[in-house]
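Residue numbers (UniProt numbering): 1 to 491. C-beta: ideal position from N, C-alpha, C; glycine also. Since the model is a prediction, treat every value here as computed from it, not as a measurement. Input: a single structure, listed below in structure tokens.
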């Protein structure tokens, strides 16, 4: 009985609330009409809500028949009306409780630093604190729902600017900015470099620099990168520097095993992200170290530039601007030397000389000519002036270096020395065979023959010594001349 009484009281209160709501909706509709009329008077377009008209909603609610009054003791089984008709306010759950949408969303829907960084404007998102609210969803579904109001004087609250959030210092981001700035300043990745090495007209894929110049550029870059690495490790990781490189920058060696033994591992992750990046860059110096430990020609200028670029990249990562700029100068030296070689070939093409009076080409250019003539693909890629010069060089009938001044004289001198050595060996072998043989010749005849042969050998040796005086072979021949006597004495 008490249950039915309380239910009837609640039903009566519900009817009263619905009537109050209908009255408020009617007033709201009248306010909308007044605003529309005012906007029309001011010449502004009307902004109507996309929802159902307030009058229609009110009439719809008024059209709902009220349940008949129930007598006490009779159970009222009439269902309540739909919540969409009776409850105009949107409710959401916040921490397990229903709250109005005017309030902030639940804590789990707020941005964290990690989620805010994924947005286009991280600090604005972090200050707002809400990822996706019910109100935001409503405004996206109904963008024209809000009514444009007349411009009025700004309130004191709107004039107050929000405090700027304290942005925490990100050391890794700061290092990335410094690296990008220094990379641009030192022109680490200059598009003009790729254009030069890929253009067939420059001959960069064919031209070869002198070996001494190549080694000079590579050695200087290698020394610079070792100096910069030593100073960085000494500043940032003093314990590692004291353990592995205690005295001098030349103790740093960029071999694979040597880097592993020094505490720098490639492809491994540690708590120090910067050290991992530097370790990866240090391993890129290994080809530069290998070619200096095993000197050989670098026939491709782009490959030579990439060796220097790896050193410059590590210096940029170490924030060593001075040394990075110096290595950049070494890279530009490669292009300058290549242009000079091409200009020299073009200059000589216009000269007309008599056969035999041609000026010999430097060895590195002759090697380039040989590679062009042996490889058809290189011949197609080379500039025409280089191909013509290579064919003219081949027509002389020389191999690499044979037309160098004094080369033929040195060859003849070497051949003469070989002939003299063979004569000495032949005389020594003849004397040894005669002294060791036994014959039935009389002792007088044997003595006469021995004296005659010894005299002939001594005469030959005297001639050889006189002809080879001062050439470094006299001592060798003196030793050989005394050998037969020692053998005879031993026998």
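Listed in chain order, the beta strand (DSSP E) elements of length 3 or more contained wholly in the segment 353-377 amount to none. In the displayed model, residue 188 falls within coil according to three-state DSSP, outside both helix and strand. Rounded to the nearest whole angstrom, the C-alpha separation of residue 211 and residue 426 is 43 Å. For residue 341, the enclosing alpha helix (DSSP H) stretches over residues 321-349. Residue 284 and residue 310 have their alpha carbons spaced roughly 6 Å apart. By a beta-carbon distance limit of 8 Å, residue 334 does not contact residue 292. Their separation comes to about 16 Å. Of 365, 279, 184, the smallest CA-CA separation from residue 321 is found for 184. Ranking 37, 194, 202, 191 by CA distance to the CA of residue 339 puts 202 first. In terms of CA proximity to residue 253, 282 leads the group 277, 186, 282.
Taking C-alpha positions only, residue 315 is separated from residue 245 by approximately 18 Å. In the three-state DSSP reduction, residue 306 falls in the helix class (H, G or I). Annotation for residue 298: no alpha helix (DSSP H) segment contains it, and DSSP assigns it neither H nor E. By the C-beta density criterion, residue 389 is buried, having at least 16 other C-beta atoms within 10 angstroms. Residue state for residue 25 is assigned as helix, using DSSP reduced to three classes. Residue 257 sits exposed, since fewer than 16 C-beta atoms from the chains shown fall within 10 Å of its C-beta.
Contact between the segment 317-332 and the segment 358-373 is absent: fewer than 3 CB-CB pairs across the two stretches fall below 8 Å. Residue burial annotation: residue 343 is exposed, with fewer than 16 other C-beta atoms found within 10 angstroms of its C-beta. Judged by their CB atoms, residue 205 and residue 276 are not nearer to each other than the 8 Å cut-off. Secondary structure note for residue 227: its alpha helix (DSSP H) is the uninterrupted segment 211-236. Around the CB of residue 193, 16 or more other CB atoms lie within 10 Å, so the residue is classed as buried. By alpha-carbon distance to residue 248, the top candidate from 261, 226, 265 is 226.
Between the C-alpha atoms of residue 224 and residue 337 there is a straight-line separation of about 21 Å. Of the residues 383, 10, 251, the one whose Cα lies closest to the Cα of residue 199 is 383. Between residue 307 and residue 327 a beta carbon distance of about 10 Å is seen, past the 8 Å cut, so the two are scored as non-contacting.
Residue 283: member of the alpha helix (DSSP H) spanning 273-283, first to last residue. Between residue 403 and residue 396, the C-beta gap is smaller than 8 Å, which places the two residues in contact.
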